[in-house]
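S.K.: First the structure, then my questions, so here it is.
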Ligand code: DAH
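Numbering (the numbering used here), first residue to last: 3 to 354.
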């Protein structure tokens with residue numbers, strides 16, 4: 003006879019169950035959960051020991067104890083599974099306490115083209131559709147191309163208007179031959195020197211002026227130069243081309259105006275303005291009133307300029323124009339301060 007049999011009473015399963023569940027709830031990691039599993043449900047664990055102890059009990063108590071230990075074991079297995087799911091979910095990187103699907107999403111900061119780049123592309127596309135080639139040129143330019151070949155010799159008063167930034171490097175005669183180009187016009191010369199007519203080109207690019215900045219002046223800005231040289235080109239071609247440009251950019255109903263102006267490299271010279279009010283069909287506004295805004299300088303290429311590059315002025319004529327890009331971008335987008343383009347303020351740039 004087993005000598006312990008008489009003394010033994012059934013261990014208190016409720017107490018064991020109580021502390022097992024309490025410890026289970028306290029597990030926070032899969033490691034501690036596994037330790038708990040080995041302690042209670044492992045091969046040498048508490049539950050197995052309890053089951054083994056059945057044989058120590060008086061036979062009358064055994065069925066009831068056996069039943070209780072089996073259901074306690076089943077309950078612990080079930081709770082173990084639940085706790086494992088809970089820990090895995092809490093520790094997963096995607097876990098959020100709760101998701102409010104009505105909240106706005108996290109915005110993605112998409113980049114966009116700078117408004118000046120967009121405007122340059124629009125303008126170039128308009129001229130490209132009329133058969134103009136798009137070329138670029140150097141921003142550090144020679145006095146020779148920026149002024150002299152454009153009929154602006156040394157000491158010509160027109161130089162005063164260009165507020166030039168000179169490169170601090172002298173040649174043998176003590177002159178400073180280089181500068182930051184004040185306009186894109188030098189590319190007229192550089193191209194004509196290399197190419198015989200017909201020439202049809204537009205030149206987008208940065209230009210630089212020694213200028214105090216304010217809402218309508220920047221010390222650097224963008225221009226688009228245009229040039230067309232061929233047999234029989236007249237002022238009518240100039241007007242037709244620039245009118246078509248205005249129509250593409252500002253709409254079918256835009257009104258344009260040409261007036262005389264002076265630029266040393268063209269004769270006759272002109273400025274073209276558009277009637278800002280004519281481009282809106284908004285009938286609420288008083289569109290009878292005209293609002294002329296100058297958008298470019300232009301003219302017939304001066305014979306001196308054509309001769310300087312070796313073109314035969316009896317055979318060839320041409321027209322040229324220079325567009326201020328910021329001006330167009332400001333008009334099109336209702337912007338009243340040129341400095342906004344270059345402040346790099348994402349609140350402004352993000353709108354384009
Ligand atoms: N280069 C001139 C400027 O910067 C603009 C200009 C005027 C260009 C008339 C032209 C032109 O080609 O014909 O002020």
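Using N, Cα and C, we set each Cβ at its ideal position, and we do this for glycine too. Quick caveat: nothing in here was measured; it's all calculated off a predicted structure.
1) For the candidate residues 242, 109 and 143, whose alpha-carbon lies nearest to that of residue 260?
2) Can the beta-carbon of residue 2 be found less than 8 angstroms from the beta-carbon of residue 152?
3) Grouping DSSP H, G and I as helix and E and B as strand, with all else coil, what is residue 347?
4) May I ask whether a heavy atom of the ligand DAH can be found less than 7 angstroms away from the beta carbon of residue 256?
5) Output yes or no for whether 8 angstroms exceeds the beta carbon distance between residue 35 and residue 78.
6) For the ligand DAH, is there any heavy atom lying closer than 7 angstroms to the beta carbon of residue 265?
7) Please confirm whether any heavy atom of the ligand DAH lies closer than 7 angstroms to the CB of residue 275.
8) Leaving out five residues on either side along the sequence, give the residues of the same chain with a beta carbon under 8 angstroms from the beta carbon of residue 237.
9) So, using beta-carbon positions, are residue 56 and residue 15 closer together than 8 angstroms?
10) Can you grab the Cα-Cα spacing for the pair residue 177 / residue 225, in whole Å?
11) Give me whichever residues DSSP pairs with residue 296 in a beta bridge.
12) Using only the alpha-carbon positions, how far apart do residue 94 and residue 88 sit?
13) Can you give me the Cβ contacts of residue 22 inside the same chain, cut-off strictly under 7 angstroms, excluding the 5 residues immediately before and after it?
14) Mapping the DSSP letters down to three states, classify residue 162 as helix, strand or coil.
15) Compute the minimum distance between the beta carbon of residue 158 and the heavy atoms of the ligand DAH, and state whether it is under 7 angstroms.
16) Mind checking whether the beta-carbon of residue 320 lies closer than 7 angstroms to any heavy atom of the ligand DAH?
17) For the alpha helix (DSSP H) containing residue 334, list its first residue and its last residue.
18) Taking the alpha carbon of residue 202 as the point to measure from, which residue in 135, 171 and 223 has its own alpha carbon closest?
19) Among 208, 273 and 300, whose alpha-carbon lies nearest the alpha-carbon of residue 184?
20) Measuring CB atoms only, is the segment 157 to 168 touching the segment 117 to 125, in the sense that at least three cross pairs come out at less than 8 angstroms?
21) Where does residue 38 fall in DSSP's three states?
22) Examine the ligand DAH and report whether any of its heavy atoms sits within less than 7 angstroms of the Cβ of residue 268.
23) Could you pull out every residue in the same chain whose Cβ sits closer than 7 angstroms to the Cβ of residue 132, ignoring the five residues on either side in sequence?
24) Work out the CA separation of residue 46 and residue 62 for me, nearest whole Å.
25) Hey, how far is the Cα of residue 277 from the Cα of residue 256?
26) How far does the beta strand (DSSP E) with residue 180 in it extend, from its first residue to its last?
27) Tell me whether residue 185, by its Cβ, gets closer than 7 angstroms to a heavy atom of the ligand DAH.
28) With C-beta atoms as the reference, is residue 200 less than 8 angstroms away from residue 313?
29) Indicate the three-state DSSP secondary structure (helix, strand or coil) for residue 146 in the structure shown.
30) Out of curiosity, what's the CA-to-CA distance linking residue 279 and residue 294?
31) Taking the straight line between their C-alpha atoms, what separation do you get for residue 171 and residue 156?
32) With a threshold of 16 other CB atoms inside 10 Å of the CB of residue 118, please say whether the residue is buried or exposed.
33) Under three-state DSSP, which class holds residue 65?
34) Could you give the first and the last residue of the continuous beta strand (DSSP E) run that contains residue 254?
35) State buried or exposed for residue 268, treating a residue as buried only when at least 16 other CB atoms are found within 10 Å of its CB.
36) Kindly indicate which residue of 337, 111, 331 and 150 has the alpha-carbon position closest to the one of residue 306.
M.R.: With the given structure in hand:
1) Taking the first residue of the chain shown as position 1, residue 260 is located at position 258. Distances from the CA of residue 260 to each of 242, 109 and 143 were compared; the closest alpha carbon is that of 242.
2) Limits of the chain in this structure are 3 at one end and 354 at the other, which puts residue 2 out of reach.
3) Here residue 347 is taken as the residue at index 345 of the chain shown, counted from 1. If DSSP states are grouped into helix, strand and coil, residue 347 belongs with coil.
4) Within the chain shown, the letter at position 254 stands for residue 256. For the ligand DAH, not one heavy atom lies less than 7 angstroms from the Cβ of residue 256.
5) Here the question's residue 35 lines up with position 33 in the chain shown. Here the question's residue 78 lines up with position 76 in the chain shown. No, the pair does not count as a contact, with Cβ atoms beyond the cut-off.
6) Translated into the one-based positions of the chain shown, residue 265 becomes position 263. Residue 265 Cβ: within cutoff of the ligand DAH.
7) Walking along the chain shown from the start, residue 275 turns up at place 273. Checking every heavy atom of the ligand DAH against the Cβ of residue 275, none is found closer than 7 angstroms.
8) Locating residue 237 in the chain shown gives position 235, where the first residue counts as 1. Correct list, in chain order: 270, 302 and 321.
9) Here residue 56 corresponds to residue number 54 of the chain shown, with the count starting at 1. Here residue 15 corresponds to residue number 13 of the chain shown, with the count starting at 1. For residue 56 and residue 15, no; Cβs fall outside 8 angstroms.
10) Residue 177 sits at position 175 when you count from the first residue of the chain shown. Residue 225 sits at position 223 when you count from the first residue of the chain shown. Their Cα atoms are separated by approximately 27 angstroms.
11) For this step, residue 296 is matched to residue 294 along the chain shown. BP columns for residue 296 point to 275.
12) Indexing the chain shown from 1 puts residue 94 at position 92. Indexing the chain shown from 1 puts residue 88 at position 86. Whole-angstrom Cα-Cα distance: 10 angstroms.
13) For the purposes of this step, residue 22 is identified with residue 20 of the chain shown, where counting begins at 1. Here the set comprises 42 and 78.
14) Within the chain shown, residue 162 is the residue found at index 160, counting from 1. Three-state result, residue 162: helix.
15) One-based indexing of the chain shown puts residue 158 at position 156. It does not: the Cβ of residue 158 is nowhere closer than 7 angstroms to a heavy atom of the ligand DAH.
16) Numbered from its first residue, the chain shown carries residue 320 at position 318. Because no heavy atom of the ligand DAH lies under 7 angstroms away, the Cβ of residue 320 does not count as near it: no.
17) Residue numbering aside, residue 334 sits at position 332 when the chain shown is read from its first letter. From DSSP, the alpha helix (DSSP H) with residue 334 extends over 327 to 335.
18) The residue given as residue 202 occupies position 200 in the chain shown. Nearest C-alpha to residue 202: 135.
19) Start at 1 with the first residue of the chain shown, and residue 184 comes out as number 182. Minimum Cα distance to residue 184 is reached at 208.
20) no
21) Here residue 38 refers to the residue found at position 36 when the chain shown is read from its first residue. It is helical.
22) The residue labelled residue 268 in the question sits at position 266 within the chain shown. Under cutoff, so the answer is yes.
23) By one-based count along the chain shown, residue 132 stands at place 130. So the qualifying residues of the chain are 243 and 246.
24) For the purposes of this step, residue 62 is identified with residue 60 of the chain shown, where counting begins at 1. For the purposes of this step, residue 46 is identified with residue 44 of the chain shown, where counting begins at 1. Going from the Cα of residue 62 to the Cα of residue 46 covers about 26 angstroms.
25) One-based indexing of the chain shown puts residue 277 at position 275. One-based indexing of the chain shown puts residue 256 at position 254. The alpha-carbon atoms of residue 277 and residue 256 are separated by roughly 7 angstroms.
26) Taking the chain shown and counting its residues from 1, one reaches residue 180 at position 178. Segment 180 to 182, the beta strand (DSSP E) holding residue 180.
27) Translated into the one-based positions of the chain shown, residue 185 becomes position 183. Indeed, a heavy atom of the ligand DAH lies less than 7 angstroms from the Cβ.
28) In the chain shown, the residue the question calls residue 200 occupies position 198. In the chain shown, the residue the question calls residue 313 occupies position 311. No, Cβ-Cβ distance for residue 200 and residue 313 is not below 8 angstroms.
29) The residue given as residue 146 occupies position 144 in the chain shown. Helix, per DSSP.
30) Walking along the chain shown from the start, residue 279 turns up at place 277. Walking along the chain shown from the start, residue 294 turns up at place 292. Computed Cα separation, rounded: 8 angstroms.
31) Residue numbering aside, residue 171 sits at position 169 when the chain shown is read from its first letter. Residue numbering aside, residue 156 sits at position 154 when the chain shown is read from its first letter. Distance between the alpha carbons of residue 171 and residue 156: 18 angstroms.
32) Indexing the chain shown from 1 puts residue 118 at position 116. Result: buried.
33) Your numbering for residue 65 matches position 63 in the chain shown. Residue 65: helix per DSSP, three-state reduction.
34) The sequence position of residue 254 within the chain shown is 252, counting from 1. Neither: residue 254 is in no beta strand (DSSP E) and is coded neither H nor E.
35) Residue 268 sits at position 266 when you count from the first residue of the chain shown. Residue 268 should be labelled buried.
36) By 1-based counting over the chain shown, the position of residue 306 is 304. Nearest of 337, 111, 331 and 150 to residue 306, Cα basis: 150.
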